[in-house]
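Enquirer: Sequence lines, in order, name chains A and B.
Residues in the first sequence are numbered consecutively from 1, following the numbering used here.
Residues in the second sequence are numbered consecutively from 1001, following the numbering used here.
Supplied in structure tokens, the structure appears directly below.
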Amino acid sequence: MAPKQLSSAKELIRRAKVLMVGAGGIGCELLKTLALSGFEDIHIIDMDTIEVSNLNRQFLFRQSHVGQSKAKVARDAVLRFRPNINITPHHDNVKDPHFNVDFFKQFSVVLNGLDNLDARRHVNRLCLAAEVPLVESGTTGFLGQVTVHVKGKTECYECQPKPAPKKYPVCTITSTPSKFIHCIVWAKELLFAKLFGDKTQDNDLNVHSSDTSSSSENLEDVFERKKDEDIEDYGRRIFDHVFGYNIEMALSNEDTWKNRDRPRPIYSKDTLPGKSIKHNGNISKNGSTDDTPSLSAMTSLGMRSPQDVWSLMENSKVFIEALKLFFTRREKDIGSLTFDKDDQLAVEFVTAAANIRASSFGIPLHSLFEAKGMAGNIVHAVATTNAVIAGLIVIEAIKVLQNETENYRMTYCLEYPNRNMLLMPVEPYEPNKSCYVCSKTPLSLEINTHRSKLRDFVEKIVKAKLGMHSPIIMHGSALLYEVGDDLEEDMVANYAANLEKVLYELPSQVSGGTTLTVEDMQQELVCSVNIKHRDEFDEEKEPDGMVLEGWSQPPPEEKKEANHTVSNAGTSISGGPVSKSSEVVEIITVEEELEAAPPKKRKLTTIIDRGAASPGGYSSIPNDTDNRGKVQVVDDDDEEDMVMLDGAPGVFDGDSDTSKKRKLV
Amino acid sequence: MVGDSKGDLPKFGLQLGMEGEELTEQETALYDRQIRVWGLDAQRRLTRASILVSGVNGTTAEFCKNIVLAGVGTLTLVDDREFSEEALSANFLIPPEKSLCDGKTLAELCSDSLKDFNPMVHVSALKGDILSFKEDFFSKFDVVVVSCCNLSVKKLINEKCRSISKRVAFYSVDCRDSCGEIFVDLQSYKYTKKKKLDEAVECELHYPSLEQALAAPWKKLPKKMSKLYFAMRVIEQFEEIENRRPGGISFTDLPAVLKIKKELCEAQSIDEYQVPDDLLERLVSGQGEFPPVCAILGGILGQEVIKAVSSKGEPLKNFFFFDVFNGKGVIEDVSNGNASSNFPITPNLVQHFQLID
Ligand SMILES: [Zn+2]
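Written as structure tokens, this is what we have:
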């Protein structure tokens, strides 16, 4: 902001109509600061309801609000100190079709306080289509950032690569875990899903088995509780199968263990006392009402602290007890459960199962608190960072209202000072000319058109990579696929049939040289995809069996090992059961919450990673000497400091034109 | 039969982290996300900390919110002023109308609101003039934060904190229009600095008092020193000389302020351009606190207090500045080797990053 313009902004602020997306950690702070700053017309979209673990930072919410709409409660709380302003809550998903381009067009500026990449991309596209400026934000622990995205003036949210979901090869999860997170993924995505989830879903729980003849036909039976089978017998049978028998089977495959430590099979008779007497008393401790969230194996067993690391025996007890409680007290849930970090019993089961598996493989055990963080994609969050970030968002929003393009800044909130700065402003980048979202640059796709089905293209590219929710796919004027509520029945059948066809055999043949048009009506985004036929793909490196180019590839994972030991407290497994067709298990890391800095600011990325990699929060301080060769200080004496950040041209797709030096103002 | 009491949070005090005691299940659930940031030990220390805040405004309201949410042990507020439109302007803890205020002081009004934020924190308001409180009063606190007061009051409270045998951390914070300043005095402060992986070093920082810091000759300060540092000293001086209440300054005072600037620059033998006129103009003609800056200052200060109380992380030393116009949040060390006659150089001060072991 230029001098003296703060007061002249008052009227602009008063008349502005702003949209906040997200009423969580940043959202609560933002709504408060907007109201105090004089904004009088604010819309909030948030589909979430309030949870206990929100209360430590989402200060507009109280214990008595748990379960209610965040957007609505936030509105009421702010009206208590600013009763005369208009706040319109929408307890809805921002991806809901009625939040279309026309809806977005009514706002002067959109402010994001979101917690996931998917929604951020969606809002970015709507803002571009509606030509409404977007102020984007994110925090993790003590780190945060605010960026400004104005069509044609600054880069869009998707101009720079975003960290990809972390992926683990299936064999690591099913056969050769080496880190606790692998055990968590196994316990949650495979075992939990197998026992309590949708039975019709494919499940890789036993893929490792070398003895295919013996496994496949009787597998279905192993996990099924037999008629009249005693629940404890059933629990022990499952225990012995997954921790004992399956490990024995894996051990029989000698090749696997040539360069690895051999796991140890664990049987229930070795870790548990003899079959316990029916202790009805214990179960009734949990109450007779249908109080699902508080049902707890720990409570039954008299275990208190979620911070304790349980012994193998304790884990075994929790495993059996949790399984019993599911089958005796939550029988109606079985078959439809997916893991939920707020489901105490599910967290207990997954913790115990992961720990028992970790014991087998000689991996250090973890507490329920830690396991919950890993399994639940729990983002480290504190009120202070959110407050700072909210202040910075409002400052940028006011500049946007004043149309002070040259003063827009992206600001990093750092844990450790960098060149004396805790809050570090950087000039925004120009739009990336090869961005498929804001510059409509065509993409190209290498794919085996004789083997890959339209369904593969829709799922792995259009939805997973391009982030479209209701796509239309066209070849010239021929419609190949579309999603919508008002489609004719015969069209629906037609599209369903197309999905199962390989590209080459579609009614309008797709082969090398074809250009497909992919469009999302709601996002008003159209992409051209040039198809290139390729016969073979590397199964390990190109698990999708197709390669998309022109789509910003995420930076290569740098210090894999270091990142995984601790940072996985914030790691999650993307929702939904793993289907057999997918060769990898996707893990979305906490860095997704805090978008990594673009490649030109590699040093910043490192700083941010370091902070995120340390849930204790206090890692070493990058000082000026650390930055030698990365950050140059230009001493232009009287004027403000300039910091030059070296570009990393050519390393990343579509980034070659941004190697010019950046001024830090 | 039904023995589950998860729904009820305990009232403050009773079950909170006594020495060596575990946090309760309720506390672990409530503080889950932040324990993941700073650890269980830090959370235990936080629940034992006593904080005093003198002077209620938009910035300290933000700070109070942050530390109440974080779960400090007790928070005591002192500010006998009553409701005014000005007090309301950047403060979300005050009811929007005088009729709702029941003749209560600002401290009482804010305390009422803050109690709601976290039933596990003991929040109270105290009546009286902060200057009349003796050392033994301040010794009850681990942290003292002052705002809305003149330089001489800050110095006096700072000295009282320093005269107590145990360490009482002292902070002052001010937001003037689009600018803000935080001062920190932790006296002598030891903390563990984590180096790569398993390595950790014990570090000790030595802080000057406000009086000592401000005595550092301007000429010896780093050339890149934030201009806000000088500008704030000019305004402070003006308010002190003219006996104005803090922030009781307006555009019409600009000529007098510029005159003081000139005198100070001459006395300190620095060029006048180090204290730009337009910055001073902005500071004198501003309309009180700018809420986004309050949020930023309250956030940074909250974080610093949490660090100091939990002895985790490197605290800032010893000034922090934020200016909306350049967007920078800068730390300045006004003590390191900035010797003056009443601020003798000791080895510790020169080598302010003394490594033990
Ligand atoms: Zn773009």
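Built from N, CA and C at the ideal position, the CB exists for glycine as well.
Between LYS269/A and ASP240/A, what straight-line distance do the alpha-carbon atoms span, to the nearest angstrom?
Expert: Their Cα atoms are separated by approximately 9 Å.
Enquirer: Using Cβ-Cβ distances below 9 Å, what residues of the segment 1027-1042 of chain B are close to chain A?
Expert: For the segment 1027-1042 of chain B, which is checked against every Cβ of chain A, the residues closer than 9 Å are THR1028, ALA1029, LEU1030, TYR1031, ASP1032, ARG1033, GLN1034, ILE1035, ARG1036, VAL1037, TRP1038, GLY1039, LEU1040, ALA1042.
Enquirer: From the beta carbon of LEU1009/B, is the nearest beta carbon of chain A less than 8 Å away?
Expert: Its pLDDT being 35, under 50, LEU1009/B is placed unreliably in this model, and the coordinates cannot settle the point.
Enquirer: Using the Cβ count rule (16 or more neighbours within 10 Å means buried), how would you classify ALA1125/B?
Expert: Buried, since its Cβ has 16 or more Cβ neighbours within 10 Å.
Enquirer: Along the segment 1112-1143 of chain B, where does the CB come closer than 9 Å to a CB of chain A? Name the residues.
Expert: Against chain A - using a Cβ distance shorter than 9 Å - the residues of the segment 1112-1143 of chain B are SER1113, ASP1116, PHE1117, ASN1118, PRO1119.
Enquirer: Have a look at CYS28/A and GLU370/A and give me their C-alpha separation to the nearest angstrom.
Expert: So the alpha carbons of these two residues sit roughly 27 Å apart.
Enquirer: Compute the minimum distance between the beta carbon of CYS1203/B and the heavy atoms of ligand 1, and state whether it is under 7 Å.
Expert: No - ligand 1 has no heavy atom lying nearer than 7 Å to the Cβ of CYS1203/B.
Enquirer: Quick one: is LEU594/A buried, meaning 16 or more other Cβ sit within 10 Å of its Cβ, or exposed?
Expert: Low per-residue confidence applies at LEU594/A: pLDDT is 42, beneath 50, and the placement is therefore not dependable, though the value from the model is reported in the following sentence. Buried: at least 16 other Cβ atoms inside 10 Å.
Enquirer: Could you name the residues that DSSP lists as bridge partners for LYS1317/B?
Expert: Per DSSP, none; premise fails for LYS1317/B.
Enquirer: Is ASP1142/B closer than 8 Å to ALA1107/B when the C-beta atoms are compared?
Expert: It is not a contact, given that the beta carbons lie outside the stated cut-off.
Enquirer: At 3 residues or longer, what runs of the beta strand (DSSP E) sit wholly inside the segment 1036-1103 of chain B?
Expert: List check, beta strand (DSSP E) in window: 1050-1054, 1074-1078.
Enquirer: Please classify ARG262/A: does DSSP put it in a helix, a strand, or coil?
Expert: In the structure shown, ARG262/A sits in coil (DSSP, three-state: anything other than H, G, I, E or B).
Enquirer: Can you list the residues of chain B that ALA390/A reaches, using a CB-CB cut of under 7 Å?
Expert: Those within 7 Å of ALA390/A in chain B are ALA1295.
Enquirer: Quick check: the Cα distance between ARG1294/B and GLY1058/B, rounded to an integer number of angstroms?
Expert: The sequence given here places Cys at residue 1294/B; Arg does not occur at that position. Answer to the nearest angstrom: the Cα atoms are 6 Å apart.
Enquirer: Pick out whichever of ALA130/A, VAL518/A, PHE59/A, LEU60/A has its Cα sitting closest to the Cα of LEU19/A.
Expert: The residue with the shortest Cα to Cα distance from LEU19/A is ALA130/A.
Enquirer: Taking the straight line between their C-alpha atoms, what separation do you get for THR1192/B and LYS1307/B?
Expert: If I take the Cα positions, the gap works out to 11 Å.
Enquirer: Taking the C-alpha atoms as reference points, what is the distance between GLU1239/B and PRO306/A?
Expert: Each residue's alpha carbon lies about 54 Å from the other.
Enquirer: Which chain C residues sit within Cβ distance under 7 Å of VAL1330/B?
Expert: In the displayed structure, chain C is absent; the protein chains listed are A and B.
Enquirer: Roughly how many angstroms lie between the CA atoms of LYS285/A and GLN344/A, to the nearest whole one?
Expert: Because the pLDDT at LYS285/A is just 45, under 50, the model does not fix this residue reliably, and the point stays unresolved.
Enquirer: Spell out the partners DSSP gives ASP1185/B in its beta bridges.
Expert: According to DSSP, which records beta bridges pairwise, ASP1185/B is partnered with PHE1170/B.
Enquirer: Excluding the five sequence neighbours on either side, which residues of its own chain have a C-beta within less than 7 Å of the C-beta of LEU1069/B, listed in chain order?
Expert: Counting only Cβ-Cβ distances below 7 Å, and skipping sequence neighbours, we find PHE1117, ASN1118.
Enquirer: Which chain B residues sit within Cβ distance under 8 Å of ARG57/A?
Expert: Within chain B, the residues near ARG57/A are ARG1033, GLN1034, LEU1069.
Enquirer: Mind checking which residues open and close the beta strand (DSSP E) that includes TYR412/A?
Expert: Its beta strand (DSSP E) spans residues 410-418.
Enquirer: Residues of chain B with CB closer than 7 Å to the CB of PRO83/A, please, in chain order.
Expert: Residues of chain B passing the Cβ test: PRO1096.
Enquirer: Pick out the complete alpha helix (DSSP H) segments inside the segment 65-104 of chain A, 4 residues or longer, and give them in chain order.
Expert: For the segment 65-104 of chain A, whole alpha helix (DSSP H) runs of length 4 or above, ordered along the chain, are 70-81.
Enquirer: Skipping 5 residues on each side, what residues in its chain have a beta carbon closer than 8 Å to that of ASP1080/B?
Expert: Excluding positions up to five away in sequence, the list reads THR1105, LEU1106, ALA1107, LYS1127, GLY1128, ASP1129.
Enquirer: Starting from the N-terminal end, write out each residue whose C-beta falls within a distance shorter than 7 Å of any non-hydrogen atom of ligand 1.
Expert: Chain-ordered list of matching residues: GLU155/A, CYS156/A, GLU158/A, CYS159/A, PRO431/A, ASN432/A, CYS435/A, VAL437/A, CYS438/A, SER439/A.
Enquirer: Do you know whose CA, among GLY1180/B, SER1209/B, GLY1247/B, lies nearest TYR1229/B's CA?
Expert: It is GLY1180/B.
Enquirer: Hey, how far is the Cα of ASP233/A from the Cα of THR517/A?
Expert: Cα to Cα, ASP233/A sits roughly 57 Å from THR517/A.
Enquirer: Cβ of ILE378/A less than 8 Å from any chain B Cβ?
Expert: Judged by the 8 Å Cβ criterion, ILE378/A is in contact with chain B.
Enquirer: Looking at the C-beta of LYS324/A, does it have a partner C-beta in chain B at a distance below 8 Å?
Expert: Answer no: the Cβ-Cβ gap between LYS324/A and chain B never drops below 8 Å.
Enquirer: Looking only at its chain, what residues have a beta carbon closer than 7 Å to the beta carbon of THR49/A, apart from the 5 residues adjacent to it on each side?
Expert: Closer than 7 Å at Cβ, skipping near neighbours: GLY67, GLN68, SER69, LYS70.
Enquirer: With distances taken between CB atoms, is the gap from PHE327/A to ARG225/A smaller than 8 Å?
Expert: It is a contact, given that the beta carbons lie within the stated cut-off.
Enquirer: So, ASP92/A versus ILE45/A, is the Cβ gap smaller than 8 Å?
Expert: Yes, they are a contact pair.
Enquirer: Measure the CB-CB distance between VAL1366/B and LEU1114/B and report whether it falls below 8 Å.
Expert: Residue 1366/B lies beyond the range of chain B shown here (1001 to 1357); nothing can be said about it.
Enquirer: Where does MET249/A land, buried or exposed, given buried means 16+ other C-beta within 10 angstroms?
Expert: With 16 or more Cβ atoms within 10 Å of its Cβ, MET249/A is classed as buried.
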